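Asker: As they're listed, the protein sequences go chains A and B.
Under this note's numbering, the first residue of the first sequence carries the number 1, and numbering increases by one thereafter.
Under this note's numbering, the first residue of the second sequence carries the number 1001, and numbering increases by one thereafter.
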Amino acid sequence: MWSNFPLAPPSASNFAPEYDFIFYTLLALTILFTLIVGIAVTVFTIRYRRGTKVDRSRPIYEDLRLELTWTIIPLILGLIMFFFGARLFIHMKTPPPDAQEIFVIGKQWMWHAQHANGVRENNTLHVPVGRPVKLTMISQDVIHAFYIPAFRVQYHVVPGRYTQMWFTATKAGVYHLFCGMYCGTQHSEMGGKVVAMDPKDWANWIANGGNTVPPMTMEQAGHRLYNRLSCNNCHGAESNLRAPSLYGIYNSKRSFANGGAAIADDTYIRESILRPHNRLTQGYGPTMPAYEGQLSEEDVLNLIAYIRNIGGMANPATPSPTNMQNVPVQSARTNGQNPLSYGAMQFDNPSSDPTPTNRTTNPSVGAIAAEDRGDR
Amino acid sequence: MSATALHPSELPEQPSEPKNYLNVAHTIKSWLLTGDHKRIAILYLFSTGFFFFLGGLAAAVIRYELTSPAGVVLESETYNRVFSAHGIIMVFLFLVVVIPATLGNFLIPLMVGARDLAFPRLNLLSWYLYMAGGTIVLAGMIWGGIDTGWTFYTPYSSMYSNTNVSLVIVGIFLGGFSSITTGINFIVTVHKMRAPGMTWFRLPLFVWSMYATSVVIILGTPVIAITLLLVVFERTFKLPIFSPELGGDPVLFQHLFWFYSHPAVYIMILPAFGVQSELIANFARKRIFGYHFVAFSSIAIAGLGFLVWGHHMFISSQSMYQGVVFSLISFLVAVPSAVKVFNWTATLYKGNIRLQSPMLYALSFIGLFTVGGLTGLFLGSMGTDVHLTNTYFIVAHFHYVMVGGTVTAFLGGLHYWWPKMTGRIYNDGWAKINALIVFMGFNLTFFPQFIAGFLGMPRRYHYYYLMPEVQAYHIMSSAGASFLALGLILPVFYLGASLKNGAKASANPWGAHGLEWETTSPPPTFNFVETPVVTDEVYDFDPVSEYEQERATQEMVHPGTPGLLTKDGELKTGDRE
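#1: Please confirm whether residue 131 (chain A) has its beta-carbon closer than 8 Å to some beta-carbon of chain B.
#2: Curious, which full-length alpha helix (DSSP H) runs of at least 4 residues does the region 1317 to 1361 of chain B contain?
#3: Determine, using beta-carbon pairs with one atom in the region 105 to 115 of chain A and one in the region 34 to 41 of chain A, whether at least three such pairs fall under 8 Å.
#4: Would you say residue 57 (chain A) reaches chain B, if we count a Cβ-Cβ gap shorter than 8 Å as a contact?
#5: Rounded to whole angstroms, what's the CA-CA distance from residue 1065 (chain B) to residue 1265 (chain B)? Just pull it up for me.
#6: Since I believe residue 1484 (chain B) is in contact with residue 1442 (chain B) (beta carbons under 8 Å), could you give me their beta-carbon distance rounded to a whole number of angstroms?
#7: Tell me whether residue 1390 (chain B) is buried or exposed, calling it buried when 16 or more other Cβ atoms sit within 10 Å of its Cβ.
#8: Kindly list the residues whose CB is nearer than 6 Å to the CB of residue 1141 (chain B), restricted to its own chain and excluding five residues on each side of it in sequence; keep chain order.
#9: Cα separation between residue 1044 (chain B) and residue 1101 (chain B)?
#10: Which bits of chain A does residue 1543 (chain B) rub up against, with CB to CB less than 7 Å?
#11: State the DSSP-derived secondary structure class of residue 1159 (chain B), mapped to helix, strand or coil.
#12: Verify whether the separation of the beta carbon atoms of residue 149 (chain A) and residue 1456 (chain B) is less than 8 Å.
#13: Nearest-angstrom Cα distance between residue 1197 (chain B) and residue 1238 (chain B)?
#14: Mind listing which residues of the region 146 to 172 of chain A have their C-beta closer than 7 Å to chain B's C-betas, in chain order?
#15: Since residue 1386 (chain B) and residue 1317 (chain B) should fall inside the 8 Å C-beta cutoff, what is the C-beta to C-beta distance between them, to a whole number of angstroms?
#16: Less than 6 Å between C-beta atoms, sequence neighbours within five positions excluded: which residues of the same chain meet that for residue 1337 (chain B)?
#17: Just to make sure I have the definition right: I need the residues of chain B whose C-beta is within less than 9 Å of the C-beta of residue 187 (chain A). Which are they?
#18: Can you list, in chain order, the residues of its chain whose CB lies under 7 Å from that of residue 77 (chain A), leaving out five sequence neighbours each side?
#19: Taking 8 Å as the threshold (beta carbon to beta carbon), is residue 351 (chain A) in contact with chain B?
#20: Anything in chain B within Cβ reach of residue 75 (chain A), meaning under 7 Å, just list it in chain order.
#21: Do the region 1143 to 1160 of chain B and the region 1112 to 1132 of chain B touch if we need at least three Cβ pairs shorter than 8 Å?
#22: Taking the alpha helix (DSSP H) that residue 70 (chain A) falls in, what are its first and last residues?
#23: Helix, strand or coil for residue 167 (chain A) per DSSP?
#24: Any beta carbon of chain B sitting closer than 8 Å to that of residue 4 (chain A)?
#25: Under a CB-based cut-off of 8 Å, is residue 110 (chain A) close to chain B?
#26: Under a Cβ-count criterion, where at least 16 other Cβ atoms within 10 Å of its own Cβ denotes burial, should residue 1271 (chain B) be classed as buried or exposed?
#27: Tell me the residue span of the beta strand (DSSP E) that contains residue 191 (chain A).
#28: Go ahead and label residue 973 (chain B) buried or exposed: buried means 16 or more other beta carbons lie within 10 angstroms of its beta carbon, across all protein chains shown.
#29: Evaluate the contact criterion for the region 153 to 167 of chain A versus the region 227 to 247 of chain A: three or more CB pairs, one atom per stretch, below 8 Å.
#30: So the alpha helix (DSSP H) residue 161 (chain A) belongs to, where does it begin and stop?
#31: If we call anything under 8 Å between Cβ atoms a contact, is residue 71 (chain A) one with residue 1335 (chain B)?
#32: With DSSP as the reference, please indicate the residues paired to residue 125 (chain A) in a beta bridge.
#33: List, from N- to C-terminal side, the beta strand (DSSP E) runs of 3 residues or more that fit wholly inside the region 1038 to 1121 of chain B.
#34: Going by beta carbon distance, what residues of the same chain come within less than 8 Å of residue 179 (chain A), once the five residues before and after it are set aside?
#35: Can you pull out the residues from the region 289 to 307 of chain A whose beta carbon lies closer than 7 Å to at least one beta carbon of chain B?
#36: Which parts of the region 226 to 314 of chain A are runs of the beta strand (DSSP E), unbroken and 3 residues or longer, counting only runs that do not cross its ends?
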């Protein structure tokens, strides 16, 4: 039950220990003075309430020593706390020269981060642990505030000028990212997460164009899906009793159980995956499950990309009119040269979102709204 | 009873019921055209009460909506309008106005021994300006609404908000002149109209704090008025002032805004300090400890209060060095507030304390204001402010000061001076229970918000599904708000009932000290039959002899019985000599 009542945010940056030290010192002083005043008020009120028989003689009405005491002691304590607070703030405003620079753009109602090598991300910020990171920030419309509670850092993001903040993440993990400054209708949804990663993981992440695993070609993705759905149980290298082989099927002529015939182009393959019983290949029964509603169009495209060249039997001689032109040339893993032509704006698997909800967190909502604003 | 019969001397004698400011005339016209500061105070009491009710309604909707991380009934557009309405109504139409315009208006002439304020018609004008401003603000909220929050930060307010910002600002602009005229009236009255013998250091501390408040009002309010008007100019005529798109500077707005709005915090809390000093002195039956320090701390706060506005802007991109100076002065301004708290506490020592309902409000004020003031240090310290600003921590902090301070003091003052204002005694038992309800409901509402804020829950968030872990605190807060609402509604009933059934109040039902208690309850139109001459010091109580007197009275009532009457009327037999 107590897990419903967290008392402190995680401490995950170089500032957090110093911050917490000052915070808890102030908290102790607050409790101390509240207790002093509270106890004095309670004791006096009970002791000197009307009708109690206590010594009320020689009351004091003014006492310079007492006044100076309770002027000077709070003043000195205050100045000490001022010093520590100001020192921390100056530290927060002085990024080390070797800090990794990341650029942040705020707009109604999303955060947009751009890494030096061109990797971009929305409502998410990936940073390495143990390395100072400097954010240079600007707003495209109104004032926002970039706020990471776990790092104890926050700074306004202002239109028309660059502001900066820096931190060094000290603990790997996923932390809240908020907009602290009220910025309009969807202010409360302008947030996401900060992912602090082991420096090695972060280096991989940035090299992979903003993805934790190297990006796959469509063909590779299709192959993986083909195996995962166990298509290969029936559609093997050879035709068998249950199913025809798909090797070399692309652009070949198919004749159907109900008498028709067609070229196996993209449209035909898509239909045969989603609604296989419509045009059964001659000689086979309706045994294949229909995948309609179970696969996204993206999945189907990936499968088609794999099936085109399944078993290395591509048939490029007769490209169909709908032939896809953008089969990737090389994966980033194999050439390592230009990982940034794709993979930008990648998101991690949405199911790993730390705070799943019933509301959409799709940043494109904010992006569209921001574009609407653009004509002002 | 004719509408023109404003002068009691012109009326036939009615020995059964002496004429007072309430029964001197009964027509609506006699109220709407009155120059009597007491009647204007009553007009203000009703109108500020009305706006407080509207602002409270908005608060109730906010608290209901926040019980779930994904909202309950509202869309974000509506939610933003509701929280903006709450802030704008509470700050500009309630907190800034309430104590000066109701208690100040009613009491300052009485306390200094004058027949009225210096400029009675200006006083009436201020009420009309307030009502006109308030009506325009409400009209703006109904037609188009406003979603900028009470801070109107540019360029959102000047270029991006599609709501009726301009109309609301015009209303606030007008209402500002109401504050200015009231401030001028108070300053002139205190300077020029004190009764013979009423020296500056015989003034009740309430008058001192109202004087300090008035100075802040007339220096600060013109700045906010013109700043907000500039926002309207930029919205309407695209005059390039704040928006970078047009070549302006958005942070300039914050400097101008907080140059007024930080002193405005003191406009809201200084009158509460004054009420507090009256309550503590009169219910502890003792001259306030360190009268001069309490009086001058008000002036120090009023002066230093103009030099700390930048502590609202540590992370706004103002210069770091500027921030250091503002932070330093903020720690300095905390000291006079602490001095006041210590002096109130010390006043209780060797007092003869009556625990009636106004005193319960005063004692809870000490506790709540101490917490509110000390948590301000977290925000005045630059480093800690970075993480806490814009979160619920700051929401909790200023509600401890504004609600725990100003509203509690106003309730205490209202209970204290109610017999003077209405001539009736209310049921003190209900009032005491209510003081407890307010104290507990308040703490349950706002204490959890400190923790939610430290966890990083940003303020002005409609949805918090990005951090559902704070939901428990939001639910506690909403539950507390229901209690608090009860504590704010109950007085309407038991105070209202006193008008019908309450016993008639004597001139001085509390046995308090001060010129306002030397005239009848309620006072006649011109306050005093003869101009009072002040010969004794302020808060001239003597707890020792008072105790002796009470003991003697008790001996007469129960001769031969040892012991004393306690405050509840029970005999304490243990107190033998």
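Backbone N, C-alpha and C fix where the C-beta goes; we use that ideal spot for every residue, glycine too.
Bear in mind that the values here come from a model prediction, so they are computed numbers and not experimental data.
Answerer: Taking the coordinates as given:
#1: By 1-based counting over the first sequence, the position of residue 131 (chain A) is 131. With 8 Å as the cut-off, residue 131 (chain A) does not count as an interface residue toward chain B.
#2: 1320 to 1348
#3: no
#4: To locate residue 57 (chain A), count along the first sequence from 1; it is residue 57. Closer than 8 Å: yes.
#5: Along the second sequence, read from residue 1 onward, the residue named residue 1065 (chain B) stands at position 65. Along the second sequence, read from residue 1 onward, the residue named residue 1265 (chain B) stands at position 265. C-alpha separation (whole angstroms): 27 Å.
#6: Here residue 1442 (chain B) refers to the residue found at position 442 of the second sequence. Here residue 1484 (chain B) refers to the residue found at position 484 of the second sequence. Contact flag correct, Cβ pair sits at about 5 Å.
#7: Locating residue 1390 (chain B) in the second sequence gives position 390, where the first residue counts as 1. Buried is the call here.
#8: Here residue 1141 (chain B) refers to the residue found at position 141 when the second sequence is read from its first residue. The residues are 1085.
#9: Here residue 1044 (chain B) refers to the residue found at position 44 of the second sequence. Here residue 1101 (chain B) refers to the residue found at position 101 of the second sequence. Answer to the nearest angstrom: the Cα atoms are 6 Å apart.
#10: Position 543 of the second sequence, counting from 1, holds the residue named residue 1543 (chain B). 56, 59, listed in chain order.
#11: Mapped onto the second sequence, residue 1159 (chain B) falls at position 159. In the structure shown, residue 1159 (chain B) sits in a helix (DSSP, three-state: H, G or I).
#12: By 1-based counting over the first sequence, the position of residue 149 (chain A) is 149. By 1-based counting over the second sequence, the position of residue 1456 (chain B) is 456. Against a cut-off of 8 Å, the Cβ pair of residue 1456 (chain B) and residue 149 (chain A) comes out as a contact.
#13: Translated into the one-based positions of the second sequence, residue 1197 (chain B) becomes position 197. Translated into the one-based positions of the second sequence, residue 1238 (chain B) becomes position 238. In a straight line, the C-alpha of residue 1197 (chain B) is about 57 Å away from that of residue 1238 (chain B).
#14: 147, 149, 152, 153, 154, 155, 156, 158, 159, 160, 161, 163
#15: What you label residue 1386 (chain B) is simply residue 386 of the second sequence in a count that begins at 1. What you label residue 1317 (chain B) is simply residue 317 of the second sequence in a count that begins at 1. So it is not a contact: roughly 13 Å between Cβ atoms.
#16: As a first step, residue 1337 (chain B) must be located in the second sequence, where it is residue number 337. So the qualifying residues of the chain are 1373.
#17: Against the first sequence, residue 187 (chain A) aligns to sequence position 187. Here the neighbours are 1076, 1080, 1458, 1460, 1461, 1462.
#18: In the first sequence, residue 77 (chain A) corresponds to position 77, counting from 1. Here the set comprises 29.
#19: As a working note, residue 351 (chain A) is residue 351 in the first sequence. In this prediction, residue 351 (chain A) has a pLDDT of 39, which is less than 50 and means its spatial position is unreliable; what the coordinates show is noted afterwards. Not closer than 8 Å to any Cβ of chain B, the Cβ of residue 351 (chain A) fails to qualify, so no.
#20: Mapped onto the first sequence, residue 75 (chain A) falls at position 75. What residue 75 (chain A) touches in chain B: 1335.
#21: no
#22: Reading the first sequence from its first residue, position 70 is the one you call residue 70 (chain A). Where residue 70 (chain A) is concerned, the enclosing alpha helix (DSSP H) stretches over 64 to 92.
#23: As a position in the first sequence, residue 167 (chain A) is number 167, starting the count at 1. It is a strand residue.
#24: Numbered from its first residue, the first sequence carries residue 4 (chain A) at position 4. Cβ-Cβ to chain B under 8 Å: yes for residue 4 (chain A).
#25: To locate residue 110 (chain A), count along the first sequence from 1; it is residue 110. Not closer than 8 Å to any Cβ of chain B, the Cβ of residue 110 (chain A) fails to qualify, so no.
#26: Mapped onto the second sequence, residue 1271 (chain B) falls at position 271. Looking at its Cβ environment, which holds 16 or more other Cβ atoms inside 10 Å, residue 1271 (chain B) is buried.
#27: Residue 191 (chain A) sits at position 191 when you count from the first residue of the first sequence. Looking at the DSSP string, residue 191 (chain A) is not in any beta strand (DSSP E), and its letter there is neither H nor E.
#28: Since the first residue shown for chain B is 1001 and the last is 1577, residue 973 (chain B) is missing from the structure and cannot be characterised.
#29: no
#30: Locating residue 161 (chain A) in the first sequence gives position 161, where the first residue counts as 1. That residue, residue 161 (chain A), is in no alpha helix (DSSP H); it is neither H nor E in DSSP.
#31: The sequence position of residue 71 (chain A) within the first sequence is 71, counting from 1. The sequence position of residue 1335 (chain B) within the second sequence is 335, counting from 1. For residue 71 (chain A) and residue 1335 (chain B), yes; Cβs fall inside 8 Å.
#32: Within the first sequence, residue 125 (chain A) is the residue found at index 125, counting from 1. According to DSSP, which records beta bridges pairwise, residue 125 (chain A) is partnered with A:194.
#33: none
#34: Here the question's residue 179 (chain A) lines up with position 179 in the first sequence. Counting only Cβ-Cβ distances below 8 Å, and skipping sequence neighbours, we find 106, 109, 111, 144, 145, 146, 147, 187, 190, 191.
#35: none
#36: 253 to 255, 261 to 263
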